[in-house]
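Undergrad: Residue numbers (the numbering used here), protein chains in the order written: chain C, 1 to 416; chain L, 1001 to 1413.
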Amino acid sequence: MMFENGANGVTGPLKGIRVLDWTMWQFGPMAGAMMGDMGADVIKIEALDGDAGRALSRASTLAPTLPGGRNAYFETNNRNKRGIALNLKTSEGREIVYKLVGTADVFIENFRQGVAERLRVGYEDLREINPMLVYGSATGYGPNGPDSALPSFDGCGQARGGLMLSATPSWSDEPVRVSQGVSDQMGAIMLCSGVLAALVARHVQGVGQKVDASHLSANMWLQGMGLSMSLILGGSRFGSYDRKSAWNVLANLYKCKDDRWIQLMHLQPDRYWESFMTALGLPQLVDDPRFAAGPARMENRDELVALMDEQFMTKTSDEWDKHFRATGDFIYARVQSTDELEYDPQVIANDYITTFDHPAIGPIKMCNHPNIYSETPSGIFKEAPELGQHTEQILVDELGYTWDDITALQDKGVIL
Amino acid sequence: MTMNGADTHHPPGPLTGIRVIDWTMWQFGPVSTMMLADLGAEVIKVESLDGDHGRQFGRVGGVPSDMPEGVNAYFEGMNRNKYGIALDLKNPAGLEIMRKLAAKSDVFVENFRKGVAERLGLGYQDLRAVNPRIVYGSASGYGPEGPDSAKPAFALTGEARSGALWWSGPGDGSPYQIGIADQAAGIMLSYGILGAIVARERFGHGQRVDVSHLGSMIWTRGMQNGISLLQDQEFQRQEWRQAGNPLWNFYECADGEWIAFSMGQGDRYWPAMCRAMDRSEWLTDERFRSMAARYENREYVIDSMGEVFRTRPRAEWERRLDEAGDLIYEKVQRTLDLRKDPQVASNGYIVERDHPALGRTEWLQTPVGYSKNPVSTRKMAPAHGEDTETVLIDILGCTWDDIAALQDEGVIL
């Protein structure tokens, strides 16, 4: 029944779960894609003019348009789904959704508060049809409070959730945007995780329910450690990071001779002090009274960072990498750019980036689902659907409509 | 079981009835299990006799984390809602207790370096032998396979390796840390475990779930990485004045506060923006009038808009923007502004709780609202070994004589 269009061999922990994905842009669609990665049968429901993400013309510095009218933004957010296009403003269109809800386990939506209710596909409407339904709802600012109906896109969550300013260096007089789409992506991860827990509750406790996730909360949660510490400490604000004055010089960034950077990450500096400084070729500093003990080292940290900077510049990052591997058990990584990821042997070995044979554009690389399941592997089984690609298949094969019904629905403008 | 009555006042969470053995330390593992605990799972944190090293973490990003009565803010923030036991796992009697607990649990989570669990007889193959339905969550820096799978890792190694240090930062092009790898990976691990519990409820089998810093950080930036891979082009770090769409950018107001706009459909919102900015001439000006033109002339457009926004304080802009139409904007807040944000309080993203040692304190709560099974913050982080006796007696049926003997042997505290 699932993926009759030829995407066979679907596996994953959600195999057999049906998800109705009435979402657009990124927050909702990515949550649906993640469920699809885990093997769920995800049916994307679009309006007759389609998810606006199909037409996104620019994402930051890149134009996401692909050959054949495809769009990289849409493809990446909508793989592993079937697609149907419906006019939800007609009673016939709504009736199709209701019938699908009767066959589904999960319904997700990311419209502004009130839109689903107005179209009569709110939680209260759908639970009447299917009391065991898990209804996932994505909003900018949460279902309660004065701003619950405000519109929100990615940057709003980063701005309001504190992420921009916590990523802003102390010397910068402008906020920093942390990677495009990170707020949407985190929202999607939290929504999907929320739906999973609700599925557990449904199996264990026999209840369906509504699950709410928001940009605001996902961005707060992403800074959970720092924010919790600040709250617990009653308001101490984290100083923003300054490499040249790092509190722990063994957990800091250093530039090498080839202009590449190495990130050290020894959170127990005393444990590594002697062995690391020796490996670095600065054994004379091990017992230097300015640096030998923790408090003195913090006191004189600027001086020490400068000495280490100088020393790091004597070898290339490759040479340091080989040297550190040979001389001890150190915790560090070379700083990579994202275009190196697809060639990183770790990325390849764990299939974090995978190749998928797209029927329209040929073999493409995509970010794979990042979790590895030993028994029910997730994967990329299918490309993003074209607008309304599976409308007829689903209506005829799964809801029992006849071809005459299809023609009538097309005539009335309910489907494409 | 309510081992100390801590959760009697809370309705069941979605994971109520699920027992988790949390053999983790620092942040990645502890965050993942705390999220399961927030969802109602009974999480038993197993520590060595010298404790999770996170209890001693002295300073995080320059902020000292020591608090009164030996409490540590770093540790507290990611171990609430858990029970704590302390065991000597190098003693066969300690290992025996661990294996018995695993046999009576649904989930086991570890974040030690590859090989450590296996060496102690606590690897997935060992535990599935005593409990075939167990979900075994494993956290690593670089994933279970590949040349660096046994390399040690802390958060920033994941940010470095995954490309994240290039995501943002100042214009001089040097790498800049945002400090989210442990949290992002912890979120993915709890998520992975949830997927496996769903599979177990439906298919009947347990399994191993692997999550890494590297994979999680690639995923956190999934949209950009996905597009880069499809387009075979790197995203450039974006300077404020170079934003491709000036309506997807931020501007400084007269009072030094910033306001962010997030309108991907630039043309749809441009007329209302011009109204709010009182610049009707920009509707027809060739440099401004379309998204393509604004991209072409972006520096000029952004500088011009920057000048306009510097003329009024933020509160006044918010009022003008609301009046002009349904514009998508937001104030750029600082972390601690969140405490007084009414949205945050209304949705329970931050809650106040009484801490036994610290008194009234504020806590982040797992940010997902469930209509039937709400998340809860019901217990503060355990003192080292706080619940050892309760767990051994209630779950494993030990007697007080057994407890005394184990203490004498140095297996427990």
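All residues carry an ideal CB built from backbone N, CA and C; glycine is no exception.
Note that this is a predicted model, so its numbers are computed, not measured.
(1) Assuming the contact rule is C-beta atoms closer than 8 Å, leucine 1036 of chain L and serine 1140 of chain L should be a hit. Round their C-beta distance to whole Å, please.
(2) When you compare the CB of cysteine 156 of chain C with every CB in chain L, is at least one pair closer than 8 Å?
(3) How is proline 1064 of chain L classed by DSSP in three states: helix, strand or coil?
(4) Tell me whether the region 1264-1284 of chain L and the region 183-191 of chain C touch, counting them as touching only if at least three CB pairs, one residue from each stretch, are closer than 8 Å.
(5) Alpha carbon to alpha carbon, how far is glutamate 1286 of chain L from aspartate 51 of chain C?
(6) Does alanine 1160 of chain L pass the burial test, meaning 16 or more other C-beta atoms within 10 Å, or should it be called exposed?
(7) In angstroms, rounded to a whole number, what distance separates the CA positions of valine 1411 of chain L and aspartate 125 of chain C?
(8) Let me see if you follow: with CB-CB separation under 8 Å, is cysteine 367 of chain C close to chain L or not?
(9) To the nearest angstrom, report how far apart leucine 1194 of chain L and proline 1030 of chain L are at their CA atoms.
(10) Nearest chain C C-beta to arginine 1202 of chain L closer than 8 Å, yes or no?
(11) Give the residues from the region 1382-1393 of chain L that approach chain C closer than 8 Å (Cβ to any Cβ), ordered along the chain.
(12) What residues in its chain sit with their C-beta under 7 Å from that of alanine 1093 of chain L, if we drop five residues either side in the sequence?
(13) For chain C, is any of its Cβ atoms less than 8 Å away from the one on aspartate 1007 of chain L?
(14) Over the uninterrupted alpha helix (DSSP H) stretch that includes tryptophan 403 of chain C, give me the two end residues.
(15) What residues in the region 1331-1348 of chain L bring their beta carbon closer than 9 Å to a beta carbon of chain C?
(16) Where glutamate 1076 of chain L and histidine 1384 of chain L are concerned, what is the direct C-alpha to C-alpha distance, given to the nearest angstrom?
(17) Run through chain B and tell me which residues come within less than 7 Å of glutamate 1145 of chain L, C-beta to C-beta.
(18) Output the distance between the C-alpha atoms of aspartate 302 of chain C and valine 335 of chain C, rounded to the nearest integer angstrom.
(19) Given that a residue counts as buried once 16 or more other Cβ atoms are within 10 Å of its Cβ, and exposed if not, what is glycine 1256 of chain L?
(20) Give the DSSP-derived three-state secondary structure of leucine 1392 of chain L in the structure shown.
(21) Determine whether the Cβ of alanine 1117 of chain L lies closer than 8 Å to any Cβ atom of chain C.
(22) Based on the DSSP output, what are the partners of threonine 1361 of chain L in its beta bridges?
(23) How many angstroms separate the CA atom of tryptophan 261 of chain C from the CA atom of glycine 1158 of chain L?
(24) Taking all protein chains shown into account, decide if tyrosine 141 of chain C is buried (16 or more other Cβ within 10 angstroms of its Cβ) or exposed.
(25) Answer yes or no: do alanine 1155 of chain L and alanine 1181 of chain L have a C-beta to C-beta separation smaller than 8 Å?
(26) Does methionine 2 of chain C come within less than 8 Å of chain L when only Cβ atoms are used?
(27) Examine chain C for any beta-carbon lying closer than 8 Å to the beta-carbon of glycine 989 of chain L, and answer yes or no.
(28) Just to confirm my understanding: we take isoleucine 1018 of chain L, look at its own chain, exclude 5 residues before and 5 after, and list those with CB closer than 8 Å. What are they?
(29) Can you tell me where the alpha helix (DSSP H) holding lysine 1104 of chain L begins and where it ends?
(30) For the region 1078-1090 of chain L and the region 1386-1394 of chain L, state whether three or more C-beta atom pairs, one from each stretch, are separated by less than 8 Å.
(31) Going along the chain, which unbroken runs of the alpha helix (DSSP H) with 4 or more residues stay wholly within the region 1065-1099 of chain L?
(32) For the alpha helix (DSSP H) containing aspartate 270 of chain C, name the first residue and the last one.
(33) For leucine 1364 of chain L, which residues of its own chain have a beta-carbon under 8 Å away from its beta-carbon, when the five flanking residues on both sides are left out?
(34) Under 8 Å, with one C-beta from each stretch per pair, do the region 129-140 of chain C and the region 205-212 of chain C reach the 3-pair mark?
(35) So, helix, strand or coil for tryptophan 1282 of chain L, using DSSP?
(36) Check whether the region 362-380 of chain C touches the region 1198-1213 of chain L, taking contact to mean three or more Cβ pairs, one atom from each stretch, closer than 8 Å.
TA: Quick look at the numbers:
(1) Within the second sequence, the letter at position 36 stands for residue 1036 of chain L. Within the second sequence, the letter at position 140 stands for residue 1140 of chain L. Actually they are not in contact, since the Cβ atoms of leucine 1036 of chain L and serine 1140 of chain L sit about 19 Å apart, beyond 8 Å.
(2) Indexing the first sequence from 1 puts residue 156 of chain C at position 156. Chain L, which has a Cβ nearer than 8 Å to the Cβ of cysteine 156 of chain C, makes this yes.
(3) Along the second sequence, one-based indexing puts residue 1064 of chain L at 64. It is a strand residue.
(4) no
(5) Against the second sequence, residue 1286 of chain L aligns to sequence position 286. Against the first sequence, residue 51 of chain C aligns to sequence position 51. Using only the alpha carbons, I get a separation of about 29 Å.
(6) On the second sequence, position 160 is the one that residue 1160 of chain L refers to. Counting Cβ neighbours within 10 Å, alanine 1160 of chain L comes out buried, since at least 16 surround it.
(7) Your numbering for residue 1411 of chain L matches position 411 in the second sequence. Your numbering for residue 125 of chain C matches position 125 in the first sequence. Between valine 1411 of chain L and aspartate 125 of chain C, the C-alpha separation is close to 57 Å.
(8) Position 367 of the first sequence holds residue 367 of chain C. True, the Cβ-Cβ gap to chain L drops below 8 Å.
(9) On the second sequence, position 194 is the one that residue 1194 of chain L refers to. On the second sequence, position 30 is the one that residue 1030 of chain L refers to. Distance between the alpha carbons of leucine 1194 of chain L and proline 1030 of chain L: 16 Å.
(10) By 1-based counting over the second sequence, the position of residue 1202 of chain L is 202. So, interface residue.
(11) none
(12) Numbered from its first residue, the second sequence carries residue 1093 of chain L at position 93. For alanine 1093 of chain L, where only same-chain residues beyond five positions count, the Cβ hits under 7 Å are Leu1406, Glu1409, Val1411.
(13) Mapped onto the second sequence, residue 1007 of chain L falls at position 7. Any reading at aspartate 1007 of chain L must be qualified, since the residue scores a pLDDT of 48, below 50, and its modelled position is unreliable; the value itself is stated next. Answer no: the Cβ-Cβ gap between aspartate 1007 of chain L and chain C never drops below 8 Å.
(14) Counted from its first residue, the first sequence places residue 403 of chain C at position 403. Counting along the chain, the alpha helix (DSSP H) containing tryptophan 403 of chain C begins and ends at 403-411.
(15) Lys1331, Val1332, Gln1333, Arg1334, Thr1335, Leu1336, Asp1337, Leu1338, Arg1339, Asp1341, Pro1342, Gln1343, Val1344, Ala1345, Ser1346, Asn1347, Gly1348
(16) Along the second sequence, one-based indexing puts residue 1076 of chain L at 76. Along the second sequence, one-based indexing puts residue 1384 of chain L at 384. So the alpha carbons of these two residues sit roughly 12 Å apart.
(17) Given the protein chain composition of this structure (C and L), no chain B is represented.
(18) Within the first sequence, numbered from 1, the residue matching residue 302 of chain C stands at position 302. Within the first sequence, numbered from 1, the residue matching residue 335 of chain C stands at position 335. Near 22 Å, if we compare the C-alpha coordinates of valine 335 of chain C and aspartate 302 of chain C.
(19) Taking the first residue of the second sequence as position 1, residue 1256 of chain L is located at position 256. By the 10 Å Cβ count, glycine 1256 of chain L comes out exposed.
(20) Reading the second sequence from its first residue, position 392 is the one you call residue 1392 of chain L. Reduced to three states, the DSSP call for leucine 1392 of chain L is helix.
(21) Indexing the second sequence from 1 puts residue 1117 of chain L at position 117. No, its Cβ sits nowhere closer than 8 Å to a Cβ of chain C.
(22) By 1-based counting over the second sequence, the position of residue 1361 of chain L is 361. Beta-bridge pairing links threonine 1361 of chain L to L:Arg1353.
(23) If you number the first sequence from 1, residue 261 of chain C lands on position 261. If you number the second sequence from 1, residue 1158 of chain L lands on position 158. Roughly 14 Å between the two C-alpha positions.
(24) Locating residue 141 of chain C in the first sequence gives position 141, counting from the first residue. With 16 or more Cβ atoms within 10 Å of its Cβ, tyrosine 141 of chain C is classed as buried.
(25) What you label residue 1155 of chain L is simply residue 155 of the second sequence in a count that begins at 1. What you label residue 1181 of chain L is simply residue 181 of the second sequence in a count that begins at 1. The answer is yes: Cβ separation under 8 Å.
(26) Within the first sequence, the letter at position 2 stands for residue 2 of chain C. Below a pLDDT of 50, predicted positions are generally treated as unreliable, and methionine 2 of chain C, at 39, falls in that range; no measurement from the model is reported.
(27) Only positions 1001 to 1413 of chain L appear in this structure, which leaves residue 989 of chain L out of reach.
(28) In the second sequence, residue 1018 of chain L corresponds to position 18, counting from 1. Taken in chain order, the residues that qualify are Leu1036, Gly1040, Ala1041, Glu1042, Asp1106, Val1107, Ile1197.
(29) Sequence index remark: in the second sequence, residue 1104 of chain L carries index 104 (1-based). Careful: lysine 1104 of chain L lies outside any alpha helix (DSSP H) and carries neither H nor E.
(30) yes
(31) 1073-1076
(32) Here residue 270 of chain C refers to the residue found at position 270 of the first sequence. Where aspartate 270 of chain C is concerned, the enclosing alpha helix (DSSP H) stretches over 269-279.
(33) On the second sequence, residue 1364 of chain L is found 364 positions in, with the first residue counted as 1. Closer than 8 Å at the Cβ level, and outside the excluded window around leucine 1364 of chain L, lie Gly1077, Tyr1349, Ile1350.
(34) yes
(35) Stepping through the second sequence from its first residue, residue 1282 of chain L is reached at position 282. Correct three-state label for tryptophan 1282 of chain L: helix.
(36) yes
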